[in-house]
Amino acid sequence: MQKLEIIIRPDMLEKLKEILNRHNAGGMTVMSVMGCGNQKGDINEYKGMRLNMNLIPKIMAIVVVKDEIVDDILVEIQEKLSSGKVGDGKVFVCEVREAMRIRTGERGTSAV
Ligand SMILES: Nc1ncnc2c1ncn2[C@@H]1O[C@H](COP(=O)(O)OP(=O)(O)OP(=O)(O)O)[C@@H](O)[C@H]1O
Ligand SMILES: [Mg+2]
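The numbering of the sequence shown is my numbering, which starts it at 574 and goes up by one.
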């Protein structure tokens, strides 16, 4: 099982939901977040001083899925959610050690 932390532009959420639905993801958690990447939120210099990082509203979706579908999801996110402009977002992938469905006690991939 892998956890995808998918950070995207807010107006791309509907497209992301369609992708995850098509790949039969078992669920998702969505948060409104603030962040910046390489461009530090595009802040310019003020009187020669570099201003601090500027945080821009983004959406973060957390999705835990079976290993087999991770690559397909990544490929489709790049295809459908890339505008080619800076700030499109990122996906971080990490291994999930365990999962449990609270209602039934199912563990592992059966719980996803
Ligand atoms: N290294 C990071 N760690 C945690 N969050 C990050 C990181 N990089 C980007 N993010 C999150 O992703 C959002 C979008 O990042 P962004 O797409 O601007 O990344 P980038 O590396 O600057 O790429 P690009 O050059 O295409 O803009 C940020 O607002 C932030 O929430
Ligand atoms: Mg950026």
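Positions of the beta carbon are idealized from the N, C-alpha and C atoms, including for glycine.
Output the distance between the C-alpha atoms of residue i and residue j, rounded to the nearest integer angstrom.
{"i": "M585", "j": "I646", "result": "15 angstroms"}
{"i": "R582", "j": "I632", "result": "6 angstroms"}
{"i": "R676", "j": "K620", "result": "59 angstroms"}
{"i": "S656", "j": "K588", "result": "13 angstroms"}
{"i": "S683", "j": "E591", "result": "22 angstroms"}
{"i": "V685", "j": "V638", "result": "7 angstroms"}
Taking Cβ to Cβ, would you say residue i is nearer than 9 angstroms to residue j?
{"i": "V603", "j": "I580", "result": "no"}
{"i": "G600", "j": "V636", "result": "yes"}
{"i": "F665", "j": "L577", "result": "yes"}
{"i": "K613", "j": "N597", "result": "no"}
{"i": "E678", "j": "M574", "result": "The sequence given here places Gly at residue 678; Glu does not occur at that position. In this structure, M574 does not lie closer than 9 angstroms to G678 by Cβ."}
{"i": "I642", "j": "G608", "result": "no"}
By alpha-carbon positions, which one of the options ends up nearest to residue i?
{"i": "G610", "options": "D661, G678, M622", "result": "D661"}
Is it the case that the segment 648 to 658 contacts the segment 667 to 678, given that we only count it when at least three CB pairs across the two stretches are under 8 angstroms? No: the two stretches stay apart, fewer than three of their Cβ pairs being nearer than 8 angstroms.
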